[in-house]
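Here is the structure we will look at, set down as structure tokens.
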Amino acid sequence: MIKFLGRRLVYMLISLWVIVTATFFLMRAIPGGPFSGERKLPPAIEASLNSYYGLDQPLFKQYLDYLVSVAKWDFGPSFKYKGQTVNDLISSGFPISFTLGLEAICLALAFGVLFGVIAALKRNKWQDYTAMIIAVVGISVPNFIMAALLQYVLAMKLGMFPVAQWESWGHTVLPAIAVASMPMAFIARLTRSSMLEVLSSDYIRTARAKGLSTPAVTFKHAIRNAIMPVVTYMGPMAASILTGTFVVEKVFGIPGL
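The sequence shown maps to residues 1 to 257 in the UniProt record's numbering.
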């Protein structure tokens, strides 16, 4: 176990190094610089700024300095938000993005498993068709389109929720639904197929032959085994949600990352 964890840690560090290195050199390959804009600076001022931030150093020296800064968790100043560092932006925005992502994960798990179980138990009935239609819509519609639709219908037309911003629990509902829509749909389809496979297994037929009720068979035996593919999917799902909320945040004007 220790060797396995050690290998995974080494792989993780190598992956992070590759990402950091690729990010650095891709940014350097883009034409222009951080001080290039619509209003061109005088050459003397631009040269002074490049010298102050070490941008006139050899590329390899800049790369080493960048690695040292990242290792120290120092990402430098923000050129977009004057007077703030990248660390300040992360410390203020990460809790908001994390809260939104966590709420979306809970919604995706709860309703995804619920819809999947109902669809499997009511196979080829209207409940099954309704749940699968919801799943198809959730998978097909990108989360930023879903965010705009929810914002227009439930907030602007019906007035059930606030339109934007991040001030109370009510402001979190629509963004969380938008972020959770795609993983919820995938979990619903995954749960349905897994439940159908479990419900047709021998031990479920044996449990029913012994006189166990449908709720007992479903909750004590079927769901427990059918949920395993969902547990496997939770890792990639959580990573995807927690790192992919920024577009929805822009739609709702949420001050996250």
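Even glycine gets a Cβ: it sits at the ideal position worked out from N, Cα and C.
Annotated three-state conformation of Thr232 is helix, per DSSP.
Arg28 counts as exposed, since fewer than 16 other beta carbons sit within 10 angstroms of its beta carbon. A check of alpha carbon separations from Ala180 across Pro162, Lys61, Ser240 identifies Ser240 as the nearest. By the Cβ rule, the stretch 166-183 counts as touching the stretch 93-102, because three or more pairs are nearer than 8 Å. Looking only at Val230, Ser200, Gly235, Met195, the smallest Cα-Cα distance to Phe219 is reached by Met195. The shortest C-alpha to C-alpha distance from Leu114 to any of Ile187, Tyr11, Ala238, Ser51 is the one to Ile187.
By the neighbour-count criterion, in which a residue is buried when 16 or more other Cβ atoms sit within 10 angstroms of its Cβ, Thr245 is buried.
Thr21 carries a helical assignment under DSSP once its states are collapsed to helix, strand and coil. By the Cβ-count criterion, Leu64 is exposed, with fewer than 16 other Cβ atoms from all chains shown falling within 10 Å of its own Cβ. Of the candidates Phe252, Asp88, Phe4, the residue whose Cα lies closest to the Cα of Gln151 is Phe252.
Out of Ser48, Arg7, Val70, the CA that lies nearest to the CA of Trp17 is found in Val70. As computed with DSSP, Thr99 is found in no beta bridge at all.
In the structure shown, the three-state DSSP call for Thr85 is strand. Assigned with DSSP and collapsed to three states, Lys125 falls in coil, not helix or strand. By the 16-neighbour rule on beta-carbons within 10 angstroms, Gly6 is exposed. In this structure, the beta-carbon distance from Pro229 to Leu190 falls below 8 Å. Look at Ile254 here: in three-state DSSP terms it is coil, with no helix or strand label. Spanning the alpha carbons of Val20 and Phe75 requires a straight line of approximately 12 Å. Taking Met184 as reference, the option from Leu26, Ala131, Ser92, Gln57 with the minimal CA-CA separation is Ala131. By alpha-carbon distance to Leu158, the top candidate from Leu149, Gln165, Trp166 is Leu149.
Nearest Cα to Pro58 within the set Asn143, Phe25, Ala110: Phe25. In this structure, the alpha-carbon of Met156 lies about 8 Å from that of Pro162. In the DSSP assignment, Ser69 falls within the alpha helix (DSSP H) that extends over 59-71.
Residues Met182, Ala185, Phe186 of the same chain have their beta carbon placed closer than 7 Å to that of Ile139, with the five preceding and five following residues left out of the count. Non-local C-beta neighbours of Ala176 in its own chain, meaning closer than 7 Å and more than five positions away in sequence, comprise Leu100, Glu103, Ala104, Leu107, ordered along the chain.
Leu242 is positioned such that its CB atom lies no closer than 8 Å to that of Ile90. In the DSSP annotation of this structure, the continuous segment of the alpha helix (DSSP H) that includes Leu196 starts and ends at 170-199. Distance check between Ala178 and each of Ser168, Ala147, Ser193 places Ala147 closest, using alpha-carbon atoms only.
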